[in-house]
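Numbering (this note's numbering), first residue to last: 31 to 222. Glycine is no exception: its CB is placed at the ideal position from the N, C-alpha and C atoms. Here is the structure we will look at, set down as structure tokens.
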Ligand code: AMP
């Protein structure tokens with residue numbers, strides 16, 4: 031299986047690149063943010079709970095997020111592999127993901143990290159807020175809170191994969207196609 035963690039701060043381009051990568055490598059895309067938003071739209075219990083965190087730019091609690099992700103993985107038994115987009119965001123989530131994949135005699139192949147500086151992220155998120163109507167992209171305070179949460183809680187996840195020799199950083203500024211090619215090269219290098 032080819033299992034990729036697509037990592038990076040909010041606004042780094044994970045969603046955009048995931049769409050291209052799943053097509054090229056025939057993978058299942060699991061974006062925890064997208065799944066939460068679908069639940070919010072559907073008015074589910076999970077959606078109502080998630081919204082109370084997402085609107086403030088906070089992380090949804092680990093046990094909720096891990097449970098949801100596990101059931102998504104389990105409902106795709108024939109997947110050739112997964113792109114985990116926006117997950118794991120904490121060390122506890124990274125551990126849980128390793129254990130889940132181990133149960134399936136599989137593992138994370140590599141973490142691909144899109145590196146983008148903060149000023150550029152703020153610009154991109156505000157623009158996306160205008161275009162997509164995403165509430166958490168429209169308020170500068172919520173945006174800053176998400177960046178702060180990323181730096182404090184999510185950045186350490188990089189060390190988790192570095193310790194396993196699975197981390198690969200990619201410059202996330204530039205043309206979408208150029209970044210995509212760099213991601214593909216990194217994946218093909220790891221798969222060979
Ligand atoms: P995203 O679409 O990845 O930017 O996620 C939007 C929001 O969903 C985040 O700001 C969090 O509130 C929540 N969220 C998404 N993924 C996770 C995760 N792995 N752990 C906790 N909260 C998450």
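When you compare the CB positions of residue i and residue j, do they come within less than 8 Å of one another, or not?
i, j, result
"residue 55", "residue 209", "no"
"residue 37", "residue 151", "no"
"residue 144", "residue 73", "no"
"residue 77", "residue 70", "yes"
"residue 121", "residue 170", "no"
"residue 52", "residue 113", "yes"
"residue 124", "residue 83", "no"
"residue 224", "residue 157", "Any property of residue 224 remains undetermined from this structure, which presents the chain solely from 31 to 222."
"residue 177", "residue 147", "no"
To which residues does DSSP link residue i through a beta bridge?
i, result
"residue 197", "141"
"residue 61", "115"
"residue 37", "143"
"residue 127", "Paired residue(s): none; residue 127 is not in a bridge."
"residue 76", "Partner(s): none; residue 76 has no beta bridge."
"residue 32", "111"
Please work out which residues of its chain come closer than 7 Å, Cβ to Cβ, to residue i, disregarding the five sequence neighbours upstream and downstream, and give them in chain order.
i, result
"residue 155", "40, 41, 167, 173"
"residue 45", "61, 115"
"residue 130", "100, 103"
"residue 65", "98, 102"
"residue 179", "87, 88, 89"
Excluding the 5 residues preceding and the 5 following residue i in the sequence, name in chain order all residues of the same chain whose CB lies nearer than 6 Å to its CB.
i, result
"residue 111", "31, 32, 33, 57"
"residue 184", "119"
Can you tell me whether DSSP reads residue i as helix, strand or coil?
i, result
"residue 217", "helix"
"residue 152", "helix"
"residue 101", "helix"
"residue 157", "helix"
"residue 186", "helix"
"residue 135", "coil"
"residue 67", "helix"
"residue 176", "helix"
"residue 170", "helix"
Counting only the same chain and skipping the five closest in sequence on each side, list residues whose C-beta sits under 8 Å from that of residue i.
i, result
"residue 95", "62, 89, 117, 119, 123"
At least three beta-carbon pairs within less than 8 Å, the segment 124-143 to the segment 184-194: yes
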